[in-house]
Structures are given as C-alpha cells and as structure tokens.
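Chemist:
Chains as they are written, first to last, in the numbering used here: chain A, 58 to 486; chain B, 72 to 236; chain C, -5 to 744.
Right, dumping it as structure tokens:
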C-alpha cells in the first residue's frame, strides 16, 4: 500500500476503533438456527422472482469459486485490505446458510450481520442490498434455499492487522450504512424508480463504479468511476462524453447482451455482470439504463468534445507505432480489421469507439489484451483470446500505442511499457 | 528480414513481419503440424509453444517471435521415434480425422513440462482452449493421463520470474 | 433447391429430373452421352451385374480393385475415401485378409477418377458394406486365381497349396510370390457371383484392432491433408464471398487489390471474387482489402430465426407416405400422447475449413479435393468449365472431418475456376472460417409431430408420425449445386432438390419405428425449397426422428407403468436388437440405478438400428443438471453396438465414442444463428460446441461381434440414440420433458 494511503488507513482504523467502542454497547445476538427448509415448501412464483433478484444481485458471481459449484463460495476477493474468501451460501446446514431463518438472512442483507452475530465485511455489499424490500429479500431467500446444498468451507481470510477484528466494522457501519429501502421519488416515473431500485439496491453498481476512500467506503457523489481487480470501472456520470455518447438503448443492449454496437464488449469483472443480466427480463435492464442515463451531468455538452488532437509521433514513438501496426495486422486484424467477419457480419463496433481505447488510462486495454475475454457458455457470450503468452510487454505497449494513435486518434498514453509490466505483475496469482 | 528460431534452428525469412507464425511454419518452413482451423484463436488447431507457453500460431506475428523459441510437434519426435505424448496418442488411437491432434499434443506438452503429474481435472481445464469436432476427447484425455501417470515428460528447469511471459 | 432461382423466378427447364427404372436419373444436356449414365441423384453408378456382391455390382472387373505387378507388388483400389473414420485401414484389412498379404505390403489407393472404381459418394455408412464386401470377394477371387496360377505352373492340385504374406507355398516347400503366380493370368476379367471366402474363424486381420495406418503421420507432422500439399510453383488464392445469399456485387476496387504485394491476379466474374498471390499471407491481406472495398446490393431478406419452424411448415411440401401399416386386432387406445419435437439448423463445423488444390496443365485439369464423391464432383466441375469429362481428374486428399456435405465441393470448384485463370500454376484455395460457416449446407431444421396410443395391455396400438424437412442431399453431380458456379456472371442453376428414397431416406431416415406396432403411419413432408442451404449431415433425419421416437417410448412406458428398457423389449422381436438393448442395460447397471440416484441426476435409455437396416446401438446415460446455470454434465454413458462382422473393433469403438460425443454436442448446445441480414454463426464464439469442460466423465462401449455376418454401417448409428437417451435423462433429472433441441441452457434453470 502507498505511504499516504497507509496514513489514512491508520487514521481510519483509529476512528473505527473509537466508533466501535461507542457502538460496542450494541451487541449483535445470534439468531436461532433452523432446520433447512424443504425446497418444496416455496412456491414457483416466489422462486422465479427470487431468481431475478439474485441475478441482478450477481450473488453467484462472487459466491462461486473458479470451477466450483454455484453459490458454494471460496472465491478470493483481493481488496486493498487483504484477501477475503466468499462464503458458502448454498443451503448446506454445516458449511452454508441452510440453518439461517428468513430473519437471519434479512438481517445479513440489511445490516451486515451473520446468523451467529458476527459482522460481515463490506466486500459483501450490504450497504446496497439493505435497500431491497422485505418481499424481494424473502424471494431471494426462497431461491437461495432451493439451491443444491454443497458441503464446502471457505478458506480463512487473509486481512492486514487489525482488520481481522470484526467489531471494528460496527464503526464502519456507523459511517456508511443507511439501512432499509428508499421510498420512491414521486416526481419520477415508474421505470426510473425501478431502475434506481435495481441499480442502487441489488445491482450495487456503485460498489465498482465509485471510488473508495482509504477505509473502503464509497465516495460521494456516486458513480464517479472506480477500479476493481485492476480494471477501471468507468464513471457512469460521464456517459455522454464517450467517443459516441451513450444512449439508454445502447446501455440496455450492453447490460443485456454483454456488448453494445456503438461501444464495445463488457470485459474483466463486468463480463459476468452482463451474463447474469442476460437472464433477467428486458424491462429490468431497460429500467437500469434509463436511471443511469438520468445521472448524467446537468450541463452535458450537446456533442462530445472531439478527441484532443495528438501531435504526430516522431522518432522512437513513431517507430513503436509502426511496429504496433505490424503486430496489429497479424494478431488483431482478423477480428478487429475493417472488413473482418466479426465487424461486418457480427456488427461489432470499430475500436475507435471503444471505451478502453478512449480512456484516460491504458489499463483496461492492457488487461483485455493480456487476458482476453474468457469463454463462458452464457447466452451473452463474447470471446477474445488472451495474448499474455504470445506478446511481451514491449509488443503489447506498441499495439496499445498504435491503437491509441492510429485508430483512436488520441493523445498518447505515457509510459505504456512500464504500465504493461506493472499490470502483468499485479495479475500474477 | 525476420529471424525465427524453430525447434532449435534459427532461420532468416524474407517475409512480411506481420505474417502469423502459423503461415511461416507451414509455408516458409514446410512444417505440417500446426494447422489452420479458424485464424481467430478459438479452436487451437494452430497451437505451438513459444518460450514454452502454448500460443495460437494463427495470431502470433513473426515480428513478435524475434529472439524467442518456437517449438512445434515435429520437435517432439518422428514416426520412427515418437516422443512420449505422440506414442501415447498412437497407442490410444487418439485421433479420428486427426486435424486437431497436433494442437492438442502441443498444449498437453506445455502442461506436462510445467506440471508433470496434473490431476484429471487439471488436464481437462488446461485443454479447454482446444476444440475437437470428431469427439475424440476421451482418448486424448486418456493418452495425456497415461503420460502424466508415468511421468514421461521432462519438466522444465525453473525459470526466474520476469516481465517476459 | 435453395432460394437461388433465376432472374425470372422460374426453374431452368433444361435441368429436368426424369424417372428411370426406379432410380432418378438426371439429364445433363451439356455432357457427352456416356457421362449421363455415370451416376444417379444419389451419386451411385448404374448396376452392371446385380448378382455380384457389394460394389462389384457396379464395378465388376477384378482389376478395377486389385492389381498385382510382375514383382509381386500388390495395389488395392477403392472408390471410397478416408474421411477420418478409419475406413482406409478397415478396407485394407479386408483386402489383406482375403488376399493373404500383409497390410503393410499393400499400396492402397482411394477415390481417384483416374485410378479407382466409381463408388459414388462415401456416405450413408455404406463403405464397409459396399466397398468392403466388394473387396472381400474380389480379394478372395484374386487369391483363388493366384493359387490356380501357381498350381498350373507347378502342375499340382490347387487345394494342396497355401498362401501366406503374398507367397504361395507348396507342400514340398517350393514357393513363389503372387506376381510370378499370375504370369499368363489376366486380372482384367469380371468377378464371379460366388467366392470361396476364408472362414471368419480363421481371420487374423479382420476383427483385429490394427492400428490405423494414417495416424502416425498425423501425430508427427507428416503430410496428411490437402492443406499440406506443396507443389512446384504453387500459388495461394482466397475468395471473397457475398455477405449473404443473393447479394449482388456492385463494385470492388480491383486495381487497389491488384497492386498489393505479391498479388498475381484478381478475378471478378459476376458476383464471384477471388485473389491470387505468391504467398498465403499476401493472399489473405489482399482478400481483406478486396472485401473491405467491395460494395454489395442486399439480396432477399432471410427469415427470422425465432419462428423458423412455423415458416418452414408453411412452405410447399411434397407429401411422402413412408409407412401405412394397419393390422387387425390390437386393443383399443386407453391413453394417447401427442407431442411436437424440433431441431434447429446445425453446422457441420469441420474443424479445418475446406481447402482444395487444382492445376490446369496442357488442357487437363487435376483437382485435389476432400469431396465425398470424386466422380460426381468431376462431372459438376467439367460442366462448370465446359470441359470434357476425361480432361478432368479429381483425386481425393484428406481434410478435417466433414460429417456429410461441407464446403469441400465448393472450394474444389473455386480451385478449378482459379486454376483456369492461372494455367500451368497449381492453385491452392483455403476457405476462411466465416466462409465455411456461412456457405456450407447445414443439417436442415426439422419439426415433427408424433401421436401414439397404448392399449389396456400396455402395448402401443397406434402410432402416427409426421415430419417436415428440407433437402438432405444437395451434393453435386450438377454444376448448379456448386456455390462458385452460382455466383458467376453466367450462373448455373441447381437442379431441383429431390427426396431421398426409402428404405434409407433423408429427413425420413429412421422415421419408421423398428418396434412392432400394429398400426403405424409415417408421413414425410418434403420441402423442396427452403430459405437456407441444407444437405446431408451424419445420420440425416435419424437424429431428430430417434430423439422423438425414443422420447415417446419413455413417455408411453411411464403411462404403462413399465420400466423403459422392458417396455422397449416388449415391442421388439429382432433378437439382435434385444441383445444390444440388454447388453447396454447390463453394462450401465440399469436395473440398479435407483440405488445410485442423487439430486439433479437423471438416467435415460435409448435404442436405434440405423436406417432399420444397419448397425444396432443401444445406450444408457446418466446426467447431472446444474439447476443454477442450466449446464448439463454427462456423468457416464454405456453403449452396446452390433455391426455384424466387426472389421476393426477399436475403430468401431472410436467411431461410436465420437458419435456419442458429437451427438451430445448437437443435442445439448447447437443451433445456427441467423436473421434477416444473413448467417450470424461466423465462428466458434457464435456457434458454441462441446468443449472439454462438457465432455462426459466416462464412456464405455460394448461391441457385440457377429463373426461372418454381413458388415453393417456403424459410423452414424450413435447419433439418434444418444439424442434420445439425453432427452430421457433430462426428463428424469428435471421432472419435465424437453422436446426442442438444443436442450441445455437457461431453460433448464430452476
């Protein structure tokens, strides 16, 4: 961790400790365990609604290890505070939530408290799930209780001292947790309110798309852009400043299909979000898009500002761009070239419209080239091979320089090769 | 001029440096093993080793291979003296049309060099990027598993971590 | 016929189909007279002597099949070709066995219009039965002639002589090789109706799992495929196909492409575009440039995918009554079940896109091609180029598995057209992945309706089945079937599509149930014109027909409160069918399956005899459904196969395992994506198939060998039963019936 961040962290922890002492008189009791409810006891309509909420909530994405059984946990979440392993939320009585009553489940989502009273880390976004209605929480409970039980205990967390001491979280909650659903805004229509409910509640979009302060709280105003797992989550309040301004229609397509014909594909941590959203009814993604579009800065320009004209590259930079072009022709143009089948028949957007190419930082482009977009069997599958093994840092940097200059027509990113090296290193397990 | 080191021999080729490795191997060097299956990095028929890592030959320009070591199936053995994986595939008759097979062997070779005794699950996960349309998967897995169980592929010497892949 | 009609919207009347002697003979007004009789619409040449065995009927001369040189070198010829199924080895075994020559000593030549018999297409699982039987007899008769020749030279009785490894041995130890023995004997004679065959009990080669002769080269970088050909002065070509059916070329920047590095020629002919270069990568770059600069007028819109079956069923149909059995007796119906079943268009998806090499030299055209039928292709190419038949030679050279008609014939036509423009230079054309995917003829989307009734005794008393399907056979014999020929400025029109006659059938293959039902009616609604190009794919209609039949059998069994296996046995008299069913059930542990039942697991059984004529396959499957994702894991499969005298047991197992996995992929995952703008399944991302993560944990195949029995075609026999078993297993796992393929995916989520 950087030095300034460390100072903040120490100060923050001290504040938390104080808050925790103050809040210590609020002792969280254990709620009585129950026998796991019989799956047949839930009605089909409730289960269908629950599936929808759980899909918007992306529960399976975090609570499933790579190659693991759904909802059985064990996925490592790397945070600035250490590694947290997601828990088993299948209805297994011993290692999952099988012995959790609806009241215990509700308390976890509303207040971040486990059945036995221990506080949950806010890597679990209960500050968002707290906005779910009782009915939706009950339906989500029904759906999770009918999953296949899996016996699997998550590995122990590896957190920096003293964050393993959970009561500190009581102080954190005082700062950041506002429990309970928000009332609808009567000045807005049904679709906007539904969209806000989904985005701010189950969707927890701000968890990634907002910056975090040094003690992991989401900064205000929300959606100013964040960073998750080494990927930049773009600011959702700047959608009109994309190379082609986003529209509600394009955003809904992107959320639903995992790519937009005017922007590009969901990659990195966003890809599984789109896979989950491909399962919910289209009116939900439409509502989310409508709400998000309403957040754009009041004085948005009518047309996006033209890209800052880049001075023509010279010398070593020009040579590197030429080298990038050569590599692009052999490695990339089969899919990303002008008349490539993916473009012509597949309707994919050209790279100059891509958020990754236009972004202030090269990080997302570097990540996509290194990792590709992995193959899944979901309905919204996009796919790109990974180039980490075939291209070295200098070669990836030259491709990025070429794409930025000759395709994106934007000012160059500084220190590209160093950034590639850093990102590749951070990606090592 | 591009230099390419393939199976231990360095060649100087007067070709467009954007040429994907696959075509340089097949046309300039007349090596048949790596195949054109899609040209898009989706099927693995072109899999070769680049600095001991499995890569798609169809998407790796020759310009990216300067100073790096390419290995193809021809380096593992011949008809008269097949290498361990080749011999196992022949024993198991792990081929139907056979078009995907050289890519399969190279991807498996990379695994066994890094991890000489992978589990069955690890083998399956590692082979995922390669497609077989004829449905020969069971025999391919059995052949790789047999070589893994008998530790016939020599592991690579440990390498220092660095920026190169 | 696909939607490629002439500008006036009518069918070219010069291409008339006429009925002759029970076979459909196509008349080609442009071909010389002998060529018209070369083959019929099924690619089969006319019968010369129907008393002879296998393909000897159509190719009766012994030396068409076997030649022995003066030095004893044996060459064996087959009109069939190696598609990756292992028949090269199996046929070699048959010849070697009856000839008593070591397999390794035989030079084995496959499909070549310049050298081999005409056996039509390698298709329909006919190879071992037709070519194998011909070789069985021809080899036996040649061996008899060899023995006779030696006997005459030694002046001894032939019965006292024995043969071994190409040598005739006398009781006193004298020996001579076959070449010597045949001095003065001409193998250019017709075969006889009867042969003295070696006893099956004495077989040492047939029935042994001889390792495939082609596999070692494929594992060590030996030149094995047409893609590996490198001829002197060979050039590389790429084509630019239209963006969709019926698109018309408005303009292309020929000059710019022609100026690119290494480009030798740019061809434009109507809607046909191609570019030739010295180097393959140069050809690809030029193809990209030519494609980027080309402008096309859109053709007619394609139908939407969402309601394709309704669209297809509304098209004009030719109604064919496949079966109409009414028997007296049998009880009245107490339960009737009625269902509809569908499948989507399925892509052949050859792992290697099609490729061909052609050379026009001194007025003679040679085409190296992975076509299934070298003779019909030759005729089509000759017609396309207005060349006499004997100036064109097609030599089969392997490519990736085709599983029916893929782009092989089309790219051979590309090579021929481009070779004509580059006389004296061999031309290699490789289709790109998207070109193979967008222009190959798909397995037709089909829909079926089945109504069946049980009587009070728990037996099926009534069965009514109807199916709707487009053409399963668009193979050339006719230039108009070739895509390049359709794109030329003076285009060729394909001859009308024809249904494939029973007993083998096309869409109606395996539509008539093998089970003994008193009353049964089966109707094939053949759709001669459908919006997507379709043709044969491994097992043709049997895939969906057996899916439907076997699914219905399970539903009827449940209604009769009977075990699914016992219920099938109740309706089957054929002892070989019963043996296969019992063997599969036993290998699987079917009777004890309830003890192994776990949550979200299901068990399914199915059976079929391919075409009701060929190999018997029964199989049982255990699946697990991941309800949170809709993923299907195949836990294990146990299959039993009876294909008569097995020539190469391991080869049979390999084909059945492969068929099981491939059918699982089709049945669970595969659907072609398309829409009004054209074919959207341009690559593997847009057409996902089975990957290692979907592969079963375990597959066991039991072979029931029938020594001496006729060879029964086996390579396609697993496709239908596997689909049926999966459908039944998923119903068992989920408690719900799924009848629209593909089966895996979000609809299984719960």
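Backbone N, C-alpha and C fix where the C-beta goes; we use that ideal spot for every residue, glycine too.
Treat the numbers as computed from the prediction; the structure is a model and nothing was measured.
Which chain B residues sit within Cβ distance under 7 Å of residue 452 of chain A?
Modeler: Going along chain B in sequence order, the residues near residue 452 of chain A (Cβ under 7 Å) are 135.
Chemist: Below 8 Å on C-beta distance, what does residue 286 of chain C contact in chain A?
Modeler: The contacting residues are 394, 395, 396.
Chemist: Does the ligand GDP have even one heavy atom less than 7 Å from the beta-carbon of residue 104 of chain B?
Modeler: Only the bare structure without any ligand can be found here, which leaves the ligand GDP out of the picture.
Chemist: For my contact list, residue 352 of chain C and residue 409 of chain C are in at a C-beta cut-off of 8 Å; report their separation, rounded to the angstrom.
Modeler: Residue 352 of chain C to residue 409 of chain C, Cβ: 4 Å. Contact.
Chemist: How about residue 205 of chain C: is its C-beta nearer than 8 Å to some C-beta of chain B?
Modeler: Yes, residue 205 of chain C lies at the interface with chain B (some Cβ there is under 8 Å from its Cβ).
Chemist: Checking contacts by CB at 8 Å: is residue 204 of chain A closer than that to chain C?
Modeler: For residue 204 of chain A, the answer is yes, since a Cβ of chain C falls inside 8 Å of its Cβ.
Chemist: What in chain A is Cβ-close to residue 225 of chain B, meaning under 8 Å?
Modeler: Going along chain A, no residue has its Cβ under 8 Å from residue 225 of chain B, so there is no contact; the nearest lies around 20 Å.
Chemist: When burial is assigned at 16 or more other CB atoms within 10 Å of the CB, is residue 312 of chain A buried or exposed?
Modeler: By the 10 Å Cβ count, residue 312 of chain A comes out buried.
Chemist: For a contact meaning CB atoms closer than 8 Å, what does residue 195 of chain B contact in chain C?
Modeler: Going along chain C in sequence order, the residues near residue 195 of chain B (Cβ under 8 Å) are 686, 687, 689.
Chemist: Of the choices C:193, C:236, C:623, C:467, whose alpha-carbon is the least far from that of residue 429 of chain C?
Modeler: When each option's Cα is compared against that of residue 429 of chain C, the closest is C:236.
Chemist: Counting only Cβ pairs nearer than 9 Å, list the residues of chain A close to residue 593 of chain C.
Modeler: The contacting residues are 205, 206.
Chemist: Return helix, strand or coil for residue 663 of chain C, following the three-state DSSP convention.
Modeler: Note: residue 663 of chain C maps to helix in three-state DSSP.
Chemist: Just verifying my parser: in three-state terms, what is the DSSP assignment at residue 533 of chain C?
Modeler: Coil at residue 533 of chain C, not helix or strand.
Chemist: Helix, strand or coil: how does DSSP classify residue 152 of chain C here?
Modeler: Helix, per DSSP.
Chemist: Can you list the residues of chain D that residue 388 of chain A reaches, using a CB-CB cut of under 8 Å?
Modeler: Here chain D cannot be found, since the structure's protein chains are A, B and C.
Chemist: What's the gap between the Cα of residue 25 of chain C and the Cα of residue 102 of chain C?
Modeler: Interpretation of residue 25 of chain C is limited by its pLDDT of 37, a score under 50 that renders its predicted location unreliable; the figure taken from the coordinates is listed afterwards. Answer to the nearest angstrom: the Cα atoms are 31 Å apart.
Chemist: For the segment 299 to 307 of chain A against the segment 262 to 273 of chain A, are there 3 or more C-beta pairs whose distance is under 8 Å?
Modeler: Judged by Cβ distances under 8 Å, the segment 299 to 307 of chain A makes no contact with the segment 262 to 273 of chain A, as fewer than three pairs qualify.
Chemist: So if DSSP puts residue 170 of chain C in a beta bridge, which residue, or which two residues, is it bridged to?
Modeler: The partner list for residue 170 of chain C (beta bridge, DSSP) reads C:162.
Chemist: Going by C-alpha distance, which of A:297, A:109, A:88 is nearest residue 340 of chain A?
Modeler: For the residues A:297, A:109, A:88, the minimum Cα distance to residue 340 of chain A belongs to A:109.
Chemist: Quick one, which of C:693, C:296, C:423 has its alpha-carbon nearest residue 232 of chain C's?
Modeler: The residue with the shortest Cα to Cα distance from residue 232 of chain C is C:423.
Chemist: Can you give the Cα-Cα distance for residue 135 of chain C and residue 646 of chain C, rounded to whole angstroms?
Modeler: Spanning the two alpha carbons is a distance of roughly 27 Å.
Chemist: Do the CB positions of residue 649 of chain C and residue 200 of chain C come within less than 8 Å of each other?
Modeler: No, these two residues do not count as a Cβ contact at 8 Å.
Chemist: Are the CB atoms of residue 183 of chain C and residue 143 of chain C within a distance shorter than 8 Å?
Modeler: Cβ distance not < 8 Å, so residue 143 of chain C and residue 183 of chain C don't count as in contact.
Chemist: Would you mind telling me which residues of chain A sit closer than 8 Å to residue 127 of chain B, beta carbon to beta carbon, in chain order?
Modeler: In chain order: 442, 447.
Chemist: Of all the options C:100, C:76, C:75, which has the alpha carbon lying nearest to the alpha carbon of residue 87 of chain C?
Modeler: Looking at the Cα atoms, C:100 is the closest of the given residues.
Chemist: Is DSSP giving residue 459 of chain C helix, strand or coil here?
Modeler: If DSSP states are grouped into helix, strand and coil, residue 459 of chain C belongs with the strands.
Chemist: Can you give the Cα-Cα distance for residue 124 of chain B and residue 79 of chain B, rounded to whole angstroms?
Modeler: Roughly 16 Å between the two C-alpha positions.
Chemist: Contact between the segment 594 to 607 of chain C and the segment 703 to 723 of chain C is defined here as three or more beta-carbon pairs at a separation below 8 Å; is this criterion met?
Modeler: Judged by Cβ distances under 8 Å, the segment 594 to 607 of chain C makes contact with the segment 703 to 723 of chain C, as three or more pairs qualify.
Chemist: For a contact defined as C-beta to C-beta under 9 Å, what are the partners of residue 92 of chain A on chain B?
Modeler: In chain order: nothing, as chain B lies at least about 34 Å away.
Chemist: Indicate the three-state DSSP secondary structure (helix, strand or coil) for residue 319 of chain C in the structure shown.
Modeler: Strand.
Chemist: In chain order, what are the residue ranges of uninterrupted alpha helix (DSSP H) at least 4 long that sit wholly in the segment 462 to 506 of chain C?
Modeler: Runs of the alpha helix (DSSP H) inside the segment 462 to 506 of chain C: 477 to 481.
Chemist: Does any C-beta atom of chain A lie closer than 8 Å to the C-beta of residue 121 of chain B?
Modeler: Residue 121 of chain B counts as touching chain A.
Chemist: Taking 8 Å as the cut-off, does the segment 236 to 254 of chain C touch the segment 193 to 203 of chain B (at least 3 CB pairs, one atom from each stretch)?
Modeler: No: fewer than three Cβ pairs fall under 8 Å.
Chemist: Please name the residue or residues paired with residue 88 of chain C in a DSSP beta bridge.
Modeler: Note: residue 88 of chain C sits in no beta bridge, so no partner.
Chemist: Would you grab the beta carbon distance between residue 335 of chain C and residue 541 of chain C for me? Rounded to a whole angstrom, and I think it's under 8 Å.
Modeler: Indeed, because the Cβ distance is near 6 Å, the residues count as touching under 8 Å.
Chemist: Label residue 544 of chain C either buried or exposed according to how many other C-beta atoms from any shown protein chain fall within 10 Å of its C-beta, with 16 as the threshold for buried.
Modeler: Classification of residue 544 of chain C: buried, given that the 10 Å Cβ count is 16 or more.
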